[in-house]
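Numbering (the working numbering), first residue to last: 824 to 1156.
Just so it is clear, CB atoms sit at the ideal spot from N, CA and C, and this is done for glycine as well.
A quick note: this is a predicted structure, and the numbers were derived from the prediction, not measured.
For reference, the structure is listed below as structure tokens.
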């Protein structure tokens, strides 16, 4: 019996001895190091970088293609600019030349918009008047942008007596009906183009000053302003390089909205006799001259200048939404 048990134990002992010997051989054997493998990451796909001008133009195209109304407004705006710049050189007739034989002629192939009581071609006068009305609007808007924008930024950023002075000045202007105030300024200073520009800028001063003040007041305690202040920048440098660039887009939108009112204000002053003087080609004067002939059937004298005025004001009102989408940084892709 003992020999049988010994025979059964011998295989187990042999297996155990073999395992111990294999383990000792493995421990004593130094395996060669594995060859190092280098991992080269694949380059990340990146969109081609555009220059600043190319990115801006691409964003403008995107906004115009997304909103057809905005695209239509920009097309009208381009047409107005072309008429203002090149119109006087392209009109078929002299806008001041009178021809009593052709007076009060209805629209025809020879005179597209007809003629007025002095035989002047209405189409030529409407096109030439675009330069004057558009120029008055641009000059007045740029002037009020500088006056109201800078005053509002100073009031919102510095506060104190600067804020009180600008606020009281804006309140004083807003206390009057704006068109009546413009009438008073032009009547007191004289009905010249320069005074019309000044009057239009003054009546729009509160709009720009209040918008600029609100935006500057919000950004006065912003993190980037505090960082610039802690970096040792002067107050003037902070306002010039940190606050104004952030207020500028809001004022640009306000400019596009004010252009329509500026054109309407200039035409209204001319309509009541306080604007530019005849025989200058101007939409307000032409509407005023044609109003007396509507009852007698010569409707075209007042209709076409009135349509031009309406289209211009309508264009700039629509343009405001498009300009807001273009200058809004959140809309950029």
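Here residue 994 carries a helix assignment [DSSP, helix/strand/coil]. In this structure, the alpha-carbon of residue 986 lies about 7 Å from that of residue 979. Residue 1085 places its beta carbon less than 8 Å from that of residue 960. Between residue 919 and residue 1068, the gap from beta carbon to beta carbon reaches 8 Å or more. Assignment of residue 922 by DSSP, reduced to helix, strand and coil, places it in the coil class. Beta bridge pairing from DSSP links residue 1103 with no other residue. According to the DSSP secondary-structure assignment, residue 944 is paired through a beta bridge with 938. For residue 915, the number of other beta carbons within 10 angstroms of its own is below 16, and it is reported as exposed. Listed in chain order, the non-local C-beta contacts of residue 1131 below 8 Å within the same chain comprise 949, 952, 953, 1106, local neighbours out to five positions each way being set aside. Setting aside the 5 residues that flank it on each side, residue 1030 has no residue in the same chain whose C-beta is closer than 6 Å to its C-beta. Excluding the 5 residues flanking it on each side, residue 1044 has no same chain C-beta neighbour closer than 8 Å. Inside the region 1060-1103, DSSP marks whole alpha helix (DSSP H) runs of 4 or more residues at positions 1067-1094, from first to last along the chain. Rounded to the nearest angstrom, the gap between the Cα atoms of residue 1013 and residue 1022 is 11 Å.
In the three-state reduction of the DSSP assignment, residue 895 falls in the helix class, which pools H, G and I.
Between the C-alpha atoms of residue 907 and residue 1052 there is a straight-line separation of about 46 Å. Across the set 1113, 1009, 1143, the C-alpha of 1113 shows the shortest separation from the C-alpha of residue 1129. The region 1000-1010 and the region 1088-1098 touch, with no fewer than 3 CB-CB distances between them shorter than 8 Å. Residue range 1028-1042 is occupied by the alpha helix (DSSP H) that includes residue 1034.
A check of alpha carbon separations from residue 1108 across 1124, 1117, 1120, 1118 identifies 1124 as the nearest. With a cut-off of 8 Å on Cβ pairs, the region 1069-1082 is in contact with the region 1136-1149, counting three or more such pairs.
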